[in-house]
Each structure stands twice: as C-alpha cells, then as structure tokens.
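Numbered according to numbering that gives the first Met the number 0, the sequence shown spans residues 0 to 136. This report concerns only the one structure given below.
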Amino acid sequence: MTPNKTNKAPRSRRVGGVARAKIARKALTVIFRDETDPLYYAKDMDFARQFFVSRHTIQKIREELGVPSRSQRILDRLDKMDLSEFTIKELSSILSVKYQNLYKIITENGLQVKADRRPVESLKEYQKNRKKSVPEN
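Right under this line is the structure:
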C-alpha cells in the first residue's frame, strides 16, 4: 500500500458521535433557515445518511429547531401554490417528491389538483373492472 492511501474511514466518521451530531445540527440550522434550499424537503433518513448519525438524532434536532415534519413542510409549500394549474405528476417533479408520497399527502388532506390524463385507480378497483369486462365462456 502506498503511503498516500490508507484504510481510514471518511473524516466525518472518524469524529465521535456527539461531534457528528453537532456538525449535523449546525448544517440543519442553515438548511432549515431557507425554504428555497434544495435539501429543505429532504427526508430525515437522507440527512442521517449524509451526516452519519441516526434518524432519531435528526428528528430530535428538527424538533429542537421547531421545524415541522416533511409532510407538513410539503403541505405548507402546496398551500402557497395554485394547485389547479398542476397535476400530481408535475407537482412531484417540482417538489422532488415521489408520486405515491405526494398522492397520499394530497388525498389525506383533501386538496384539489388538476386531474391527470389517466387517473390512478387502486389495484382492487382495477381487478373488479377487469373481471367485469372479461366475458365468461
């Protein structure tokens, strides 16, 4: 092995757990200060992986800072937008959120959005409709 290459962990991992939490807290205060930050709508798990801490540590830091949960942050952003102009698919690309997650948030809160060209139906409804449309021999 050459002298320049070592088998050490990344620098952030070599620091103790408390120090990693302090680094994460400092970074999250900057991220959550600005809603236009691309990481503002990131998941707790993504932050945990990035800063090498547990998801629970990120949740505690988020609660200390008074930042709401991810779904609530997304809802706040949706309240500021005119939803009649966008479909769920367009909103998911704007917010960088998975379609299924955004669909769940919108349906749970009864928000009205522009209809998709082909509406999403549940698997049970699809199977019922398929049984009705298939002729019996």
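Ideal Cβ placement from N, Cα and C applies to all residues, glycine included. Remember, it's a predicted structure, so these values are computed and weren't measured experimentally.
Check whether residue i and residue j have beta carbons under 9 Å apart
i            : j                : result
leucine 27   : phenylalanine 51 : no
threonine 56 : alanine 18       : no
arginine 61  : aspartate 36     : no
Neighbourhood of residue i by C-beta distance below 8 Å, restricted to the same chain and skipping five residues each side
i             : result
isoleucine 93 : Phe85
valine 112    : Leu82, Ser83, Phe85, Thr86, Ile87, Leu90 and Ile105
serine 53     : Ala47
tyrosine 40   : Arg69, Arg72, Ile73, Arg76, Leu94, Ser95 and Val96
Residue i versus residue j - alpha carbon distance
i              : j            : result
glutamine 138  : valine 29    : Nothing about residue 138 can be reported from this structure: the residues present for the chain run from 0 to 136 only.
aspartate 75   : glycine 65   : 15 Å
isoleucine 22  : alanine 114  : 43 Å
tyrosine 125   : lysine 131   : 10 Å
asparagine 108 : leucine 122  : 22 Å
leucine 101    : glycine 15   : 37 Å
arginine 129   : lysine 79    : 40 Å
arginine 32    : glutamine 49 : 18 Å
valine 127     : glutamate 63 : Inspection of the sequence shows that residue 127 is occupied by lysine rather than by valine. The alpha-carbon atoms of lysine 127 and glutamate 63 are separated by roughly 48 Å.
glutamate 34   : proline 67   : 12 Å
arginine 116   : leucine 38   : 30 Å
Cutoff 6 Å; reference residue i; Cβ partners in own chain excluding five residues on either side
i         : result
lysine 25 : none
Own chain partners of residue i with C-beta closer than 7 Å, once the 5 adjacent residues on each side are dropped
i           : result
leucine 110 : Leu77 and Leu82
tyrosine 98 : Ile87, Lys88 and Ser91
lysine 103  : none
* Which ranges would you report for the beta strand (DSSP E) in the stretch 2–84 if only whole runs of at least 3 residues count? -> none
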